[in-house]
Amino acid sequence: MIELWPAIDLIGSTSVRLTEGKYDSEEKMSRSAEESIAYYSQFECVNRIHIVDLIGAKAQYAREFDYIKSLR
Numbered sequence: 001m002i003e004l005w006p007a008i009d010l011i012g013s014t015s016v017r018l019t020e021g022k023y024d025s026e027e028k029m030s031r032s033a034e035e036s037i038a039y040y041s042q043f044e045c046v047n048r049i050h051i052v053d054l055i056g057a058k059a060q061y062a063r064e065f066d067y068i069k070s071l072r
């Protein structure tokens, strides 16, 4: 079976999408991270979800650690 790993990108504890990785193209997603996790968890082929702290990645230190930890 194929295993899918959906990704949830976060800026300011909000799910976002960037176009070609450009931070100035930030688009807020209609689902919160919690709603996305609940949605993706319905699928048998999803066992993991990749959550990305975009500001933390840019700053090179975790900015969303507490929020991501609360999503477990």
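When we follow the numbering used here, the leftmost residue of the sequence shown carries the number 1, and every step to the right adds one. Glycine residues also receive a C-beta, built at the ideal position from the N, C-alpha and C atoms.
Query raised in the report: So, is E44 buried or exposed, given that buried needs 16 or more other C-beta atoms within 10 angstroms?
Result: exposed
Report task. Select from T19, L71, F65 and Y40 the residue whose C-alpha is nearest the C-alpha of D53. Result -> F65
Report task. Quickly, what does DSSP pair K22 with across the bridge? List them, please. Result -> T19
Query raised in the report: If R31 sits next to Y39, beta carbons under 8 Å apart, how far is it from one beta carbon to the other, in whole angstroms?
Result: 7 Å
**Report entry** CB of S15 within 7 Å of CB of M29, strictly
**Finding:** yes
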